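> Going by numbering that gives the first Met the number 0, the sequence shown wraps up at 309, each residue one higher than the last. The structure that follows is given in the form of structure tokens.
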Amino acid sequence: MSRILVTGAAGFIGSHTVELLLQEGHEVLGVDNFRTGREANLQTFLTHPRFRFLRGDVAEPGELASLSTGFRPDAIIHLAAMVSVPESIAHPAENHRLNFLATTLVADVALAAGARRIVFASSAAVYGTNDALPLSEDATCQPLSPYGEAKLQSEHHLLHAAREHGLTVRCQRYFNVFGPRQDPSSAYSGVISRFHDALTLGRTPTIHGDGEQTRDFIYVGDVARANLLAATMPRVQSGTANICTGHSVSLNQLLTAMAQAAGKTCQPLYGPARAGDIRQSLGSPARAKLELSFQPATSLDAGLATLFAR
Ligand code: UD1
0 MSRILVTGAA GFIGSHTVEL LLQEGHEVLG VDNFRTGREA NLQTFLTHPR FRFLRGDVAE
60 PGELASLSTG FRPDAIIHLA AMVSVPESIA HPAENHRLNF LATTLVADVA LAAGARRIVF
120 ASSAAVYGTN DALPLSEDAT CQPLSPYGEA KLQSEHHLLH AAREHGLTVR CQRYFNVFGP
180 RQDPSSAYSG VISRFHDALT LGRTPTIHGD GEQTRDFIYV GDVARANLLA ATMPRVQSGT
240 ANICTGHSVS LNQLLTAMAQ AAGKTCQPLY GPARAGDIRQ SLGSPARAKL ELSFQPATSL
300 DAGLATLFAR
């Protein structure tokens, strides 16, 4: 059993990760300030005997240190973030605070508390435009947004701390994560949650651009397992790995598949393309398989079926 501190525990990926850690017998301290996380996401495990939740802002200097006093984590899984690319363009200073400065504070807490491992929620957005598909971790990183920039800077900061202080740092470059509990309520929300909302409420979904942009969608349950492995697997070395499926679809194909899963027909509205939007995104899952023995188990169709069955 490990003691694991999870930031962003009430978020979409955070709550699935905590749930799996508890199922696997670990002790978890979850922290979240409910900026985008939700209390409702904690419901299924809030009273679990090996779970404790504390409300707090990881980006506020000193706050995580004081919240986690006495917990002595073996590992920290740092998921708290501003998750949206367009929001990072609209609010670059807040992006820097939440997606970079907070990471440096997490590294400080890990060192002070004696944690041996940090798992970091990085992103495919670090690659930016790159035609060398599928993207391997050695591909050139040229982020198109402040979001991708901050994630890349955070990776560098953590990997540097790992070298300096002998920690193990795993940077997980998530591709497009989808599944239950993804909040559809903002214009910044993930596209599958937006389309799901539109299809179930009978509204017209909007496609930004021509819909031929592609994404590698990975089911949140698989991402939670990748986090569990990165945090707890013995003899793991520091490094960076894509957390992806190695398959991509265009948004037009995605909407057709979702309409089918919902048993509906659907004509979207096409709007202007988004600034900072990557055109093509497809990852190579080879390194995560090699270094973490991680392979996604849920196909896009199976994940969509779960989403529409709820
Ligand atoms: C997503 C994640 C980001 C992650 C990155 C990794 C979210 C909110 N963002 O960014 O955290 O690091 O993947 O690759 O989960 N779109 C529409 N209509 C909509 C909403 C979106 O056409 O209603 C389009 C967007 O313009 C974009 C695509 O769908 O082309 C995906 O957008 P989005 O789900 O916001 O994710 P990313 O920007 O790829």
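In this text, a Cβ means the ideal position worked out from N, Cα and C, and glycines have one as well. Remember, predicted model here, so these are calculated numbers, not experimental data.
Going by the CB atoms, is the gap between G245 and P133 shorter than 7 angstroms?
Yes; because the gap between Cβ atoms is below 7 angstroms, this pair is in contact.
> Which value, in whole angstroms, describes the spacing of the CA atoms of H25 and C265?
For H25 and C265, the distance between alpha carbons rounds to 44 angstroms.
> Where does the unbroken alpha helix (DSSP H) through Y187 begin, and where does it stop?
Per DSSP, Y187 belongs to no alpha helix (DSSP H) and is neither H nor E.
> Using the rule of at least 16 other Cβ atoms within 10 Å of the residue's Cβ for burial, across every protein chain shown, is A287 buried or exposed?
Buried.
> Would you mind stating whether C243 and I277 have Cβ atoms separated by less than 7 angstroms?
The answer is no: Cβ separation not under 7 angstroms.
> Roughly how many angstroms separate the alpha carbons of P295 and F70, rounded to a whole number?
So the alpha carbons of these two residues sit roughly 31 angstroms apart.
> Can you tell me the Cα-Cα spacing of T203 and F99, whole angstroms?
About 36 angstroms.
> Output yes or no for whether 7 angstroms exceeds the beta carbon distance between L306 and H207.
Cβ atoms of L306 and H207: not closer than 7 angstroms.
> Thinking just about the alpha-carbon of each residue, which of G238, T128 and F293 is nearest to the one in R214?
The option with the nearest alpha carbon to R214 is T128.
> Helix or strand or just coil, what does DSSP make of F307?
Correct three-state label for F307: helix.
> Alpha carbons only, please: which of T255, L166, P183 and P48 is nearest the one belonging to A109?
For the residues T255, L166, P183 and P48, the minimum Cα distance to A109 belongs to L166.
> Give the DSSP-derived three-state secondary structure of R51 in the structure shown.
Three-state result, R51: strand.
> For T68, which of helix, strand or coil comes out of DSSP?
Note: T68 maps to coil in three-state DSSP.
> Considering only the alpha carbon of each residue, which of S188, A230 and V219 lies closest to P85?
Among S188, A230 and V219, the Cα nearest to that of P85 is on S188.
> Would you be able to state if there are at least three C-beta pairs under 8 angstroms between the stretch 0-10 and the stretch 74-94?
Result yes; three or more Cβ-Cβ pairs closer than 8 angstroms.
> Could you check the C-alpha separation between E93 and Q259 for me, to the nearest Å?
Computed Cα separation, rounded: 39 angstroms.
> Could you work out which residue in A197, F44 and A101 is closest to K263 when comparing CA atoms only?
Comparing Cα positions, the closest option is A197.
> Tell me the DSSP secondary structure of T6 in three-state form.
T6: strand per DSSP, three-state reduction.
> Which term fits R54, buried or exposed, when burial requires 16 or more other beta carbons within 10 angstroms of its beta carbon?
It counts as exposed.
> Applying the 10 Å Cβ sphere with the 16-neighbour rule, what's the burial state of L21?
Answer is buried; the Cβ neighbour count reaches 16.
> Are there 16 or more other CB atoms within 10 angstroms of the CB of T231, so buried, or fewer, so exposed?
It counts as buried.
> On the three-state DSSP scale, how would you describe S192?
Of the three classes helix, strand and coil, the one that applies to S192 here is helix, per DSSP.
> Would you kindly work out how many angstroms separate the C-alpha atoms of S237 and V168, rounded to a whole number?
Using only the alpha carbons, I get a separation of about 5 angstroms.
> Thinking just about the alpha-carbon of each residue, which of F174, D182, R273 and A149 is nearest to the one in D209?
It is R273.
> Quick one: give me the first and last residue of the alpha helix (DSSP H) that E38 is part of.
E38 -> no alpha helix (DSSP H), and no H or E assigned at all.
> What do you get for G270, buried or exposed, if any count of 16 or more other CB atoms within 10 angstroms of its CB means buried?
With fewer than 16 Cβ atoms within 10 Å of its Cβ, G270 is classed as exposed.
> Taking the alpha carbon of A124 as the reference point, which residue from E18, N32 and V82 has its own alpha carbon closest?
A124 has its Cα closest to that of V82, out of E18, N32 and V82.
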